[in-house]
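Enquirer:
In my numbering, the protein residues as written are 18 to 165.
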């Protein structure tokens with residue numbers, strides 16, 4: 018049963034077109050690439066007043082990388098920059114098997130469904146690509162300045 022939900026979520030999010038677009042008012046644009054399997058994304062964020070007002074992406078890759086990116090964007094929209102970084106860190110720790118408590122992971126919403134990827138070492142980079150790209154983008158564009 019849980020396996021079916023996981024499979025359906027990945028299929029649904031990897032094929033969704035809603036967050037696959039260019040942002041007219043992007044304040045941040047960052048490319049993420051996974052050389053081990055060829056996944057690549059370009060993440061665009063519109064940050065205003067320390068809040069991620071909108072986010073979108075383009076790119077290509079396996080279903081897990083594309084679904085994870087789509088889930089992340091849905092989760093980050095409307096969050097503060099600081100909150101986004103904290104959630105990205107939580108997701109990465111979940112995928113690395115460092116955080117396993119379901120209650121703690123609830124705030125990741127649908128992205129928590131990717132928890133079992135921690136048992137598939139070859140897929141860890143696929144699942145975390147977008148989340149590392151988000152963190153890099155915020156860092157590169159001055160996380161402290163963006164938070165204001």
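Each residue gets a CB set at the ideal place from its N, CA and C atoms; glycine is no exception.
1) According to DSSP, residue 64 sits in a beta bridge with which residue or residues?
2) Is residue 96 near residue 69, with beta carbons less than 7 Å apart?
3) Helix, strand or coil for residue 18, going by three-state DSSP, please let me know.
4) Do you know offhand how far residue 106's Cα is from residue 148's?
5) The beta strand (DSSP E) spanning residue 48 covers which residue range?
6) Considering Cα atoms alone, identify which of 85, 43, 119, 136 is closest to residue 25.
7) Tell whether a beta-carbon distance below 7 Å holds between residue 153 and residue 112.
8) Compare the C-alpha of residue 91 against each of 74, 80, 44, 118 and name the closest.
9) Along the chain, which unbroken stretches of the alpha helix (DSSP H) at least 4 residues long are found entirely within the segment 75-149?
10) Expressed to the nearest angstrom, what Euclidean distance is found between the alpha-carbon atoms of residue 129 and residue 42?
11) Identify, in the order they occur along the chain, each residue of the same chain with its Cβ nearer than 7 Å to the Cβ of residue 71, setting aside the five sequence neighbours on each side.
Expert: From the atom records:
1) Residue mapping note: residue 64 aligns to position 47 of the chain shown, counting from 1. According to DSSP, which records beta bridges pairwise, residue 64 is partnered with 69.
2) Numbered from 1 along the chain shown, position 79 holds the residue referred to as residue 96. Numbered from 1 along the chain shown, position 52 holds the residue referred to as residue 69. Against a cut-off of 7 Å, the Cβ pair of residue 69 and residue 96 comes out as a contact.
3) Walking along the chain shown from the start, residue 18 turns up at place 1. The predicted model places residue 18 with a pLDDT of 48, which falls under 50 and marks its position as unreliable; any figure quoted below should be read in that light. It is coil, neither helix nor strand.
4) Position 89 of the chain shown, counting from 1, holds the residue named residue 106. Position 131 of the chain shown, counting from 1, holds the residue named residue 148. Roughly 8 Å separates the two Cα atoms.
5) Counting from 1 along the chain shown, the entry for residue 48 is found at position 31. First-last of the beta strand (DSSP E) with residue 48: 45-51.
6) Translated into positions along the chain shown, residue 25 becomes position 8. Distance check between residue 25 and each of 85, 43, 119, 136 places 85 closest, using alpha-carbon atoms only.
7) The count along the chain shown starts at 1 and reaches residue 153 at position 136. The count along the chain shown starts at 1 and reaches residue 112 at position 95. Contact flag unset, no.
8) Taking the chain shown and counting its residues from 1, one reaches residue 91 at position 74. Answer by Cα proximity: 74.
9) Listed in chain order, the complete alpha helix (DSSP H) runs (minimum 4 residues) inside the segment 75-149 are 80-93, 98-112, 119-122.
10) Position 112 of the chain shown, counted from the start, is the residue given in the question as residue 129. Position 25 of the chain shown, counted from the start, is the residue given in the question as residue 42. The straight-line gap from Cα to Cα measures roughly 29 Å.
11) Within the chain shown, residue 71 is the residue found at index 54, counting from 1. Same-chain partners within the cutoff: 40, 63, 94.
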